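K.L.:
Protein chains in written order, with our numbering: chain A, 8 to 262; chain B, 258 to 671.
Got a structure for you, written out below as structure tokens; questions coming shortly.
Encoded structure:
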């Protein structure tokens, strides 16, 4: 469905990643505490954990929105701290805090984000057309975002995330607040992106979603990585079948 | 530095701003319609009140005048805008005027005995209350009648003494206003335009600066933008340029609308000595420069503060003191004799207003104008330098502020 020109192998690695916030009432808060992981192209790597586990903070650091307190993140072999702009150019970042411009049309949105992220100027129009077709947005391509339904907005949001055809995609709880149809559609798009060879980082707190979608899962709790591996590896480690049971078992182990 | 990304960001800022009803209201509708409309309302109301006052009959109480003033009594009674009513005594005059029973009082007192030949033997006193419009109007009417009576009296005395009218007129005081219609027009424009201009630019920058920073954060598009492959400095530069553009547009539209409205509203009011309200083409570049500098200064200051706000409401609260600070120097524009000098050129806002005022008046001097432009550019560069440092801060990117807005500001300086 999505035609990619560059599906070269992309790799994201995090080494001893730590993020500390200073809060007046709680003091030092270690939102992310020495996490290590790596994911490669053609893979959906899921961060699974309850609310407040540190998933969003981790993904925000990967997307260079936040700077790690310590540790190192590398995207496509580049240190994100040294090359934040190049990192962001090679990445599409989607989260509940990345809304759309209400006054732009769907087409303008896609063209704007493709252009701003360095997609070749001469190809922007064609790229927008391709995305409008592949995301089934023809009927509302020239309608302002403010007039679109939730499902339509979701399509535009996903299209703007991939507008510049980035090799790395970061989705922070992309199905949160969506109805079943839109959630299924979103998961289908993410799977297709993986099949095109993109590196996909995905966070969720929904066990069934992680189980269905992710090739490998990292279970995070209170900023620490409890386990990381394929579903099979996690089952072998815990001797349990369902992810929910695996998750609870690891939590008990940690405590 | 690649300008393509800035251009694209700027284009997006302008497109979304101009599609926002509130921005259009503050940047285009308000400058074009509101102040000219207010001016029309103000002048129409003044004219209406003035006409009403002219139609009113003034009630005058008068002590019995000396015999030789009998002609004056006749003149007062003949005037259909005066009603002479029974006399009040000195103590009652104040009370009667305050209560509205009378508007003014006329009294006569002997200043020389009859035996002094040729001396003015009486002085005439007009009693009125200048804080009351009707009393002031009555005093003006009496003054005019007394002046006319005095001239007639002097003329007849001169003739009686054998002084010819030609000789007598040698002492006549005459006035000649040498200003041209264009000079009068420039003077009035120079008085009014800079004030409205400063206010209009500040109002436009106020809304757009908050909307493009705190507003974006409130709508959750701030992080979308911050996660794109453009440097933070380019993002803030594009935003700043759009705020400056919209402020400049608001200022220039206001100048145009005010000039046209004054031409249409003040022109007919001025009657015979019709001022010519027009802006010569050669002053337009200076007006544009002062608009750009003013919008640049105000916009930069406001954005620098609004970037610390989590939402639109907080942004408004943070900018309010700077807004007041920016429009305060307009009092300097109204003080007679204050000109654009090498010293006043260093005062932000006032220097830009004065530059515009002197451009309209055609009295500016190039050295002071150059200092004003240079100082304006330096102010803007200082703000941009501060903004470039502030925008790198993590909490500015995420908007995850914990402290109160003003504590955030103080911390940002550490």
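For each residue, glycine too, the CB sits at the ideal point set by N, CA and C.
For clarity, every value in this text was computed on a predicted model and none was experimentally measured.
(1) Answer yes or no: does any C-beta atom of chain A fall closer than 7 Å to that of residue 632 (chain B)?
(2) When the cut-off is 7 Å and only beta carbons count, does residue 484 (chain B) lie next to chain A?
(3) In the DSSP assignment, what are the bridge partners of residue 382 (chain B)?
(4) How far does the alpha helix (DSSP H) with residue 139 (chain A) in it reach, from first residue to last?
(5) Residue 65 (chain A) and residue 42 (chain A) look like a contact to me (Cβ under 8 Å); what is the Cβ gap, rounded to whole Å?
(6) Sort out for me which residues DSSP pairs residue 271 (chain B) with in a bridge.
(7) Just reading off the alpha helix (DSSP H) that residue 454 (chain B) is part of, what are its end residues?
(8) Between the stretch 536-553 of chain B and the stretch 605-612 of chain B, do at least 3 Cβ pairs fall closer than 8 Å?
(9) Going along the chain, which unbroken runs of the beta strand (DSSP E) with 3 or more residues stay wholly within the stretch 527-598 of chain B?
(10) In the DSSP assignment, the beta strand (DSSP E) including residue 43 (chain A) goes from what residue to what residue?
(11) Does any CB atom of chain A fall closer than 7 Å to the CB of residue 583 (chain B)?
(12) Among B:451, B:315, B:341, which residue has its Cα nearest to the Cα of residue 392 (chain B)?
(13) Unbroken alpha helix (DSSP H) runs of length 4 or more, entirely within the stretch 108-186 of chain A: which are they?
(14) Just curious, the alpha helix (DSSP H) that residue 300 (chain B) is in, first and last residue?
(15) Give me the DSSP bridge partner(s) of residue 101 (chain A).
(16) With DSSP as the reference, identify every bridge partner of residue 30 (chain A), one or two as the case may be.
(17) Secondary structure at residue 418 (chain B), three-state DSSP: helix, strand or coil?
(18) List, in chain order, every chain B residue whose beta-carbon is nearer than 9 Å to that of residue 100 (chain A).
(19) Confirm, please, whether the CB-CB distance from residue 53 (chain A) to residue 62 (chain A) is below 7 Å.
(20) DSSP state of residue 432 (chain B), grouped into three classes?
(21) Give the straight-line distance between the Cα atoms of residue 295 (chain B) and residue 450 (chain B), rounded to the nearest whole angstrom.
(22) Going by DSSP, what residue range makes up the beta strand (DSSP E) through residue 319 (chain B)?
(23) For the candidate residues A:81, A:71, A:26, whose alpha-carbon lies nearest to that of residue 45 (chain A)?
(24) Rank B:273, B:535, B:596, B:601 by C-alpha distance to the C-alpha of residue 440 (chain B) and give the top, closest one.
(25) Report yes or no: is there a C-beta of chain B within less than 7 Å of the C-beta of residue 126 (chain A)?
(26) With burial defined as no fewer than 16 other Cβ atoms inside 10 Å of the residue's Cβ, what is the status of residue 416 (chain B): buried or exposed?
(27) Quick check: what's the CA-CA separation for residue 11 (chain A) versus residue 201 (chain A)?
(28) Would a check of beta-carbon distances place residue 276 (chain B) closer than 7 Å to chain A?
(29) Quick check on residue 188 (chain A): does DSSP put it in helix, strand or coil?
(30) Give me the DSSP bridge partner(s) of residue 522 (chain B).
(31) Quick check on the burial criterion: 16 or more other C-beta atoms within 10 angstroms. Buried or exposed for residue 148 (chain A)?
(32) Taking CB distances under 7 Å as the criterion, tell me whether residue 650 (chain B) reaches chain A.
(33) Name the chain A residues that come within less than 8 Å of residue 626 (chain B), Cβ to Cβ?
(34) In this structure, how does DSSP classify residue 485 (chain B) when only helix, strand and coil are distinguished?
(35) From residue 619 (chain B) to residue 556 (chain B), what does the alpha carbon distance come to, in whole angstroms?
(36) So for residue 387 (chain B), helix, strand or coil by DSSP?
P.N.:
Taking the coordinates as given:
(1) Not closer than 7 Å to any Cβ of chain A, the Cβ of residue 632 (chain B) fails to qualify, so no.
(2) Yes, because at least one Cβ of chain A sits closer than 7 Å to the Cβ of residue 484 (chain B).
(3) Looking at the DSSP assignment, residue 382 (chain B) forms a beta bridge with B:364.
(4) That run of the alpha helix (DSSP H) goes 131-141.
(5) Residue 65 (chain A) to residue 42 (chain A), Cβ: 6 Å. Contact.
(6) In the DSSP output, where bridge partners are listed per residue, residue 271 (chain B) has none listed.
(7) Run containing residue 454 (chain B): 438-467, per the alpha helix (DSSP H) assignment.
(8) Taking 8 Å as the limit for Cβ pairs, the verdict is that the stretch 605-612 of chain B does touch the stretch 536-553 of chain B.
(9) With a minimum length of 3 residues, there is no unbroken run of beta strand (DSSP E) contained wholly in the stretch 527-598 of chain B.
(10) That run of the beta strand (DSSP E) goes 34-46.
(11) No, residue 583 (chain B) does not count as interfacial toward chain A.
(12) The residue with the shortest Cα to Cα distance from residue 392 (chain B) is B:315.
(13) Whole alpha helix (DSSP H) segments, 4+ residues: 113-123, 131-141, 157-168.
(14) Segment 292-312, the alpha helix (DSSP H) holding residue 300 (chain B).
(15) Residue 101 (chain A) is bridged to A:178.
(16) In DSSP, residue 30 (chain A) forms a bridge with A:34.
(17) In this structure, residue 418 (chain B) counts as coil in the three-state DSSP scheme.
(18) Per Cβ cutoff of 9 Å: 480, 481, 484, 485.
(19) Result no, Cβ atoms of residue 62 (chain A) and residue 53 (chain A) do not sit closer than 7 Å.
(20) Note: residue 432 (chain B) maps to coil in three-state DSSP.
(21) Rounded to whole angstroms, residue 295 (chain B) to residue 450 (chain B) spans 14 Å at the Cα level.
(22) Secondary structure note for residue 319 (chain B): its beta strand (DSSP E) is the uninterrupted segment 315-319.
(23) Looking at A:81, A:71, A:26, the one whose alpha-carbon comes closest to that of residue 45 (chain A) is A:81.
(24) Out of B:273, B:535, B:596, B:601, B:535 has the C-alpha closest to the C-alpha of residue 440 (chain B).
(25) It does not; no Cβ of chain B falls within 7 Å.
(26) Under this definition residue 416 (chain B) is an exposed residue.
(27) Caution is warranted here: a pLDDT of 43 is assigned to residue 11 (chain A), below 50, making its placement in the model unreliable, and no coordinate value can be reported.
(28) Look at residue 276 (chain B): its C-beta is under 7 Å from a C-beta on chain A.
(29) Under the three-state reduction of DSSP, residue 188 (chain A) is assigned to helix.
(30) In the DSSP secondary-structure assignment, residue 522 (chain B) is not bridged to any residue.
(31) Residue 148 (chain A) is buried by the Cβ-count criterion.
(32) Interface criterion not met: the Cβ of residue 650 (chain B) is under 7 Å from no Cβ in chain A.
(33) Neighbours of residue 626 (chain B) on chain A: none; closest Cβ ~39 Å, over 8 Å.
(34) Coil.
(35) A direct Cα-to-Cα measurement between residue 619 (chain B) and residue 556 (chain B) gives close to 28 Å.
(36) DSSP places residue 387 (chain B) in the coil class of the three-state scheme, outside both helix and strand.
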